[in-house]
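Working notes, structure below.
Numbering (this note's numbering), first residue to last: 7 to 352.
Here it is in structure tokens:
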């Protein structure tokens with residue numbers, strides 16, 4: 007059995023999506039991508055290991071020494087102080103990352119499945135179904151995002167929810183907002199791809215519509231989904247925080263939510279009590295910033311027109327490979343750039 011050479015293993019490692027984009031990025035763009043990845047990784051790891059990192063429970067009001075007390079300043083027992091409700095601020099911030107990650111994952115996955123399925127069917131079959139879906143999605147897309155999420159949250163849970171009830175209510179509310187975005191992208195790609203020669207050839211040999219849709223069209227229509235996923239993830243966090251801030255989120259005794267904690271800290275700001283509002287607000291800003299930096303950097307690297315750089319080697323004067331899609335490269339053909347130039351002279 008043949009063994010892999012170190013160079014082959016290294017090249018295969020460099021072809022991994024994020025690693026490939028890191029190797030292509032340069033200068034400020036690489037710094038933005040690395041900063042976004044670090045902030046996103048901190049958010050994800052904090053959410054996963056919240057039970058270990060949090061010194062107290064998200065709804066814990068006392069320990070063996072007694073009640074925590076309300077609006078206590080930072081101390082050795084409570085590194086970020088306590089809230090107006092008597093909860094430990096640090097613990098609420100850490101547990102809030104777990105709530106945010108849960109809502110983001112559920113909302114984006116539901117949006118992807120629904121949006122991709124509707125866009126694929128609409129773009130492939132067309133007709134009256136396509137026209138109806140386009141009109142409905144355009145109407146939803148034109149509706150204010152947060153207002154639509156509030157309406158859906160009230161309709162689903164009445165604005166008051168348990169842990170998983172609130173997570174699914176917020177996730178479904180955000181899903182309704184995101185479906186038109188995935189629908190538009192997949193539908194446009196499907197309309198373009200279904201006229202390609204290989205799709206027409208599959209129809210000629212008698213391949214069924216379902217097999218063509220999933221084997222040929224879907225595979226090539228979903229290349230931009232990772233970019234949309236990262237951008238929508240940051241919007242989902244903001245929408246969840248907005249729902250919580252307006253009082254339509256999750257009950258504080260059921261889960262920790264940054265937007266709700268910010269709402270309760272409004273009166274503290276005018277009293278000079280900063281520790282109840284700054285930590286959850288900073289958590290929202292840094293998380294959204296990290297996810298947005300990753301999404302924007304991947305978007306720039308996937309589109310040469312947005313990237314706007316030609317990495318020219320000072321030693322050889324050759325032009326570096328240009329990424330067209332995440333994980334892919336565009337080369338100048340077997341003869342390279344010299345072959346194109348020679349062909350143009352002939």
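Where a beta carbon is used, it is the ideal one built from N, C-alpha and C, also for glycine. Keep in mind that this is a model prediction, so the values were computed, not measured.
Nearest-angstrom Cα separation, counted from residue j out to residue i
| i | j | result |
| --- | --- | --- |
| residue 115 | residue 59 | 27 Å |
| residue 49 | residue 293 | 6 Å |
| residue 227 | residue 273 | 49 Å |
| residue 179 | residue 210 | 43 Å |
| residue 259 | residue 113 | 22 Å |
| residue 72 | residue 87 | 15 Å |
| residue 5 | residue 200 | Beyond the ends of the chain as shown, which are 7 and 352, falls residue 5; an answer cannot be given. |
| residue 63 | residue 77 | 17 Å |
| residue 36 | residue 147 | 33 Å |
| residue 139 | residue 124 | 8 Å |
| residue 177 | residue 198 | 31 Å |
| residue 252 | residue 160 | 12 Å |
| residue 218 | residue 182 | 28 Å |
| residue 119 | residue 57 | 30 Å |
| residue 137 | residue 220 | 22 Å |
| residue 202 | residue 54 | 44 Å |
| residue 81 | residue 43 | 31 Å |
| residue 276 | residue 149 | 35 Å |
| residue 301 | residue 230 | 11 Å |
| residue 326 | residue 133 | Residue placement at residue 326 is poorly supported in this model, since its pLDDT is 44, which falls under 50; the coordinates still yield a value, given next. Rounded to the nearest angstrom, the two C-alpha atoms are 44 Å apart. |
Where residue i sits in the DSSP three-state scheme
| i | result |
| --- | --- |
| residue 71 | coil |
| residue 259 | coil |
| residue 228 | coil |
| residue 245 | helix |
| residue 1 | Any answer about residue 1 is impossible in this case: the structure gives the chain only from 7 up to 352. |
| residue 213 | coil |
| residue 88 | strand |
| residue 251 | helix |
| residue 290 | helix |
Short Cβ contact (8 Å threshold) for residue i with residue j
| i | j | result |
| --- | --- | --- |
| residue 4 | residue 267 | Any property of residue 4 remains undetermined from this structure, which presents the chain solely from 7 to 352. |
| residue 271 | residue 110 | no |
| residue 263 | residue 102 | yes |
| residue 299 | residue 38 | yes |
| residue 117 | residue 184 | yes |
| residue 122 | residue 192 | yes |
| residue 156 | residue 51 | no |
| residue 291 | residue 236 | no |
| residue 246 | residue 91 | no |
| residue 232 | residue 304 | yes |
| residue 172 | residue 255 | yes |
| residue 222 | residue 242 | no |
Assigned exposure category for residue i - 16 Cβ within 10 Å defines buried
| i | result |
| --- | --- |
| residue 195 | buried |
| residue 97 | buried |
| residue 94 | buried |
| residue 281 | buried |
| residue 126 | buried |
| residue 204 | exposed |
| residue 288 | exposed |
| residue 75 | exposed |
| residue 153 | exposed |
| residue 145 | exposed |
| residue 100 | buried |
| residue 286 | buried |
Supposed close pair residue i, residue j - CB separation, criterion 8 Å
| i | j | result |
| --- | --- | --- |
| residue 68 | residue 143 | At roughly 50 Å, the Cβ-Cβ gap does not stay under 8 Å, so residue 68 and residue 143 are not in contact. |
8 Å Cβ cutoff, residue i in contact with chain B
| i | result |
| --- | --- |
| residue 41 | No chain B appears in the structure shown, which is made up of a single protein chain. |
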